[in-house]
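Beneath this line is the structure, given in structure tokens, with notes to follow.
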Amino acid sequence: MNPQKILVLRLSAVGDVIRTLPAVKALKEHAPSASVTWIVEEPSQAFLESQPEVDSVILFPRKRWTKGIKSLGTVWQTIGEMREFIAGLRKRKFDVVLDFHGILKSGLLSFLSGSSKRIGYDRSSTKEWNCLFSNVKVKLPKEKMSRFERNFALLRGMGLEVKDINYSLHIPPHDREYVASFLKSSATSLKRPLIAIHPGTSMKAFFKRWPPDQYARLADRLVRELSASVLFTWGAGELESVEGIRREMGEPSLLGPKTETLTQLAEVYRQCDLYVGGDTGPMHIASLMGIPAVVIYGPTDPVENEPFGRHIKIRKEVGCSPCHNYPCRELLCVKAISADEVFKATKEILRLTP
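Add 119 to the 1-based position in the sequence shown for our numbering, that's all there is to it.
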């Protein structure tokens, strides 16, 4: 296999896009002269455009098209845009398409690209009959594996040798400068170890959130017993809850800078000694920056969603976890985890960190 034009399909979500990057780097190392184009939805567009493994990014405007197709006033305009989009794909004449997503939308995009080699997972590892659109189908092992390993398995299934990869996200210079300025202004209150805590999740994933009072109790112990500095990171809609945790603490803490890009957040984590938080996109960003992680799992699968590098998983066997009952109000799997358990894991991983 020596393709010159490669199309990558992983449309969303941000955390899954992030977890596909190491496999794309491995692909690029195998075919360094190839051009990699990635189709992605808007939340990940700017981030992918900053990564050197990706030569070009095509925006898939799912939300705008979904809205446009439902309105009589815009339906024909939207259909016209879709036709132009498909025609543009076919003009690029991709040698191979790699469908890491495995759903109906990605399968259709793979087929409509016109590429003669469309690689995806087999029926048992895809949804919505995605496998009908690929003509090279990769069968995954029966045992559970992380999303990182699943993406590597697609490459192995097409005959590529994938070795251990030391992957780190690329940080543009202006993002390094932005974070350096923040740390310089906080230098008088910074101690080592510097521990990043990210207590938030996306608005759709409240079921992953560990209780705020537990975060406050943990952070106080980290400061008092480890002489650590605790830095809270936060995203859109999370500032109020983070400030609530800080007010509940008895010890001082630092509020991380407002990050406009994922690479700014990645640079914040690069400067830290440890990440503590739930199963979220920021956790995967931190793991790809080479810092160890203590991850608090609720209903999500701890194998499929494990970090890239060194980590300790904290979870409780409560009989119903992992599950997909995301509207659950009991959340015994999350509430059963104590601050003492997370603190113990934090001490252990810091002790083992060179």
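Ideal Cβ positions, reconstructed from N, Cα and C, are used throughout, including at glycine.
Remember, predicted model here, so these are calculated numbers, not experimental data.
Residue i burial status per 10 Å Cβ neighbour count (16 or more: buried)
i, result
"S300", "exposed"
"S308", "exposed"
"T245", "buried"
"V194", "exposed"
"E172", "buried"
"R242", "exposed"
"M322", "exposed"
"D332", "exposed"
"P151", "exposed"
"L471", "exposed"
"E379", "exposed"
"S229", "buried"
"L191", "exposed"
"T185", "exposed"
"G396", "buried"
"D174", "exposed"
"H289", "exposed"
Own chain, CB closer than 8 Å to residue i, minus 5 neighbours either side, in chain order
i, result
"R340", "A458, F462"
"P141", "F267, N270, F271, I284, Y286, L407, F427"
"V437", "L451, C452, A455"
"I198", "I188"
Proximity of residue i and residue j at Cβ, strictly below 9 Å
i, j, result
"G276", "V257", "yes"
"L81", "L350", "Outside the displayed range of the chain (120 to 473) lies residue 81, so it cannot be described from this structure."
"I456", "I431", "no"
"I316", "Y394", "yes"
"A165", "P122", "no"
"L146", "E160", "no"
"R181", "L130", "yes"
"V422", "S265", "yes"
"G319", "G369", "no"
Residues of its chain near residue i, where Cβ-Cβ distance is below 6 Å and the 5 sequence neighbours each way are ignored
i, result
"S406", "A412, P426, F427, G428"
"A347", "P312, I314, L341"
Bridge-paired residues (DSSP) for residue i
i, result
"K256", "G239"
"I431", "V413"
"D218", "L128"
"T156", "L126, S175"
"A315", "L350, Y394"
"L373", "L350"
Own chain residues within Cβ distance below 7 Å of residue i, not counting five before or after
i, result
"S232", "L126, L208, R209, F213, V216"
"G400", "V133, G134, I137"
"E247", "I222, L223"
Minimum C-alpha distance to residue i - residue among the options
i, options, result
"S86", "V422, P291, M322", "Any question about residue 86 goes unanswered here, given that the chain covers just 120 to 473."
"P446", "E436, G417, R366", "G417"
"L381", "R365, K466, D294", "D294"
"V176", "P162, A335, R237, K189", "P162"
"F326", "F252, C442, V281", "C442"
"F219", "A206, L251, V143", "V143"
"R343", "L167, P371, E280, T320", "P371"
"S253", "G319, L273, K182, P260", "L273"
"E467", "K282, S235, L345", "L345"
"E280", "V422, D420, E148", "E148"
"K435", "R448, N444, E423, T419", "T419"
"R336", "G319, G356, R366, A355", "R366"
"K310", "E203, R211, K261, C391", "C391"
Cutoff 9 Å: residue i Cβ touching any chain C Cβ
i, result
"V136", "This model lacks chain C altogether; it includes just one protein chain."
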